[in-house]
Each structure stands twice: as structure tokens, then as C-alpha cells.
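In short: position in the sequence shown from 1, add 214, done, that's my numbering. Single-structure report; data block below.
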Amino acid sequence: MTQISTDGFPAYPEAVDLAFGPYVKFGTIIKDYRNASIIYTPSEMVGTKRDGRRNIGDDEKDTICTSHVERLNGTQRVFLKRLNRLTLCFSKKLANLEAAFSMFAAYYNYCWQTRRPGKSGKKRPTAAMMAGIAGHVWSFDELFETVLAGPPKS
Numbered sequence: 215m216t217q218i219s220t221d222g223f224p225a226y227p228e229a230v231d232l233a234f235g236p237y238v239k240f241g242t243i244i245k246d247y248r249n250a251s252i253i254y255t256p257s258e259m260v261g262t263k264r265d266g267r268r269n270i271g272d273d274e275k276d277t278i279c280t281s282h283v284e285r286l287n288g289t290q291r292v293f294l295k296r297l298n299r300l301t302l303c304f305s306k307k308l309a310n311l312e313a314a315f316s317m318f319a320a321y322y323n324y325c326w327q328t329r330r331p332g333k334s335g336k337k338r339p340t341a342a343m344m345a346g347i348a349g350h351v352w353s354f355d356e357l358f359e360t361v362l363a364g365p366p367k368s
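Right, here's the structure in full:
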């Protein structure tokens, strides 16, 4: 059964219920930070509270985490400066933000290889390769040419 883990944002439980009902495991993790109210200062996490809201037993609470989505958010902010807080690199038009995000998503899924943890440093297949929709790592030129060609003709 698929598991969804979120932080403590109040809208998430209802949204997960509406979208998935009883068909997923759902848990929340609430992180307690010291110095969280001081602007421009890194906060120190001093504790967490995990709540298995649906289909997660006490023995599975350690599986509730948001680290994967937090890593993706960090990667998005590196590639798309317009998503950073307190920056002048914002998009004045929604269409520009959508285009930039689409390009990031395509590059991330077809071209970007992450390294495996550990000493070997071997690169993993891209997300598109793991999903079975690409057979190789795309070059940026290949991605760009595909975008310029437009959708396949039926």
C-alpha cells in the first residue's frame, strides 16, 4: 500500500482523505525547532512527533518522513531561483513560471542522474529510465530538440 507522509500543515489531512480515501497509508511528522522565530538564522531541530493517521501501526511510525520531498524542494530552488524566498528572480507572468518549471521537470526526469550514497559514487538511472519511458540518459541537446519538435503527430 502506498504511503503518504506530510508535515503538520492543517489542510493536508483533508486533502489526502479527499484524494485517496482509505487506499493509502497516511502519517504526519511535526518537527520542533529551536530559534524558529529568528529570521535569517538556521533553526536547530530539537525533536519530532510522528502521527500514524491512517493504516500505519506503531511499529511503522519510523517510516513517516518528509526528507525526500524536502530534498526535491531544495533541488528545485537550486535550479529555479525564482522559487527562492526573498529574491528578485521572480516570474512576473505565470506563463513564465510554468515554462521554467516544465523545463526543470523535463531536465530533472530525463537528463539528471543522482549519485548513489556511499563511496562508490555510481550514478543512478534517471527518473524517466526508472519509469520505463526512456532507455538512456538524454543530453540537454536531445531534450531541447524534442521540446522544439512539439508533441508527436497522431
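Just so you know, even glycine gets a beta-carbon here, dropped at the ideal spot from N, CA and C.
Item: What is the DSSP secondary structure of S219, counted as helix, strand or coil?; Value: strand
Item: Is L357 near A319, with beta carbons less than 7 Å apart?; Value: no
Item: Is it buried or exposed for T216, if we count other Cβ within 10 angstroms and need 16 for buried?; Value: exposed
Item: With the cut-off set at 7 Å, would you say Y324 and A363 are in Cβ contact?; Value: no
Item: Buried or exposed for A233, please, with buried defined as at least 16 other CB atoms from any protein chain shown within 10 angstroms of its CB.; Value: exposed
Item: Does the beta carbon of L294 fall short of 6 Å from some heavy atom of the ligand FAD?; Value: Within the structure as shown, the ligand FAD is missing, as the structure has no ligands at all.
Item: In whole angstroms, give me the CA-to-CA distance for A313 and K295.; Value: 14 Å
Item: Less than 7 Å separating the beta-carbons of F240 and R268?; Value: yes
Item: Please go through the region 238-326 and give each complete beta strand (DSSP E) segment of 3 or more residues, from N-terminal end onward.; Value: 239-248, 258-268
Item: When you compare only the Cα positions, how much space is there between D272 and K263?; Value: 12 Å
Item: Determine whether the beta carbon atoms of D246 and V260 lie at a separation below 7 Å.; Value: yes
Item: Return the Cβ separation of Q290 and L297 in integer angstroms, given the expectation that the two are a contact with Cβ distance under 8 Å.; Value: 6 Å
Item: If you compare alpha carbons, which of L308, F293, G346, N310 is closest to Y322?; Value: F293
Item: Using DSSP's beta-bridge definition, name the partner residues of K337.; Value: R329
Item: Check the C-beta distance from Q327 over to V351 and give it rounded, since I have them as a contact under 8 Å.; Value: 6 Å
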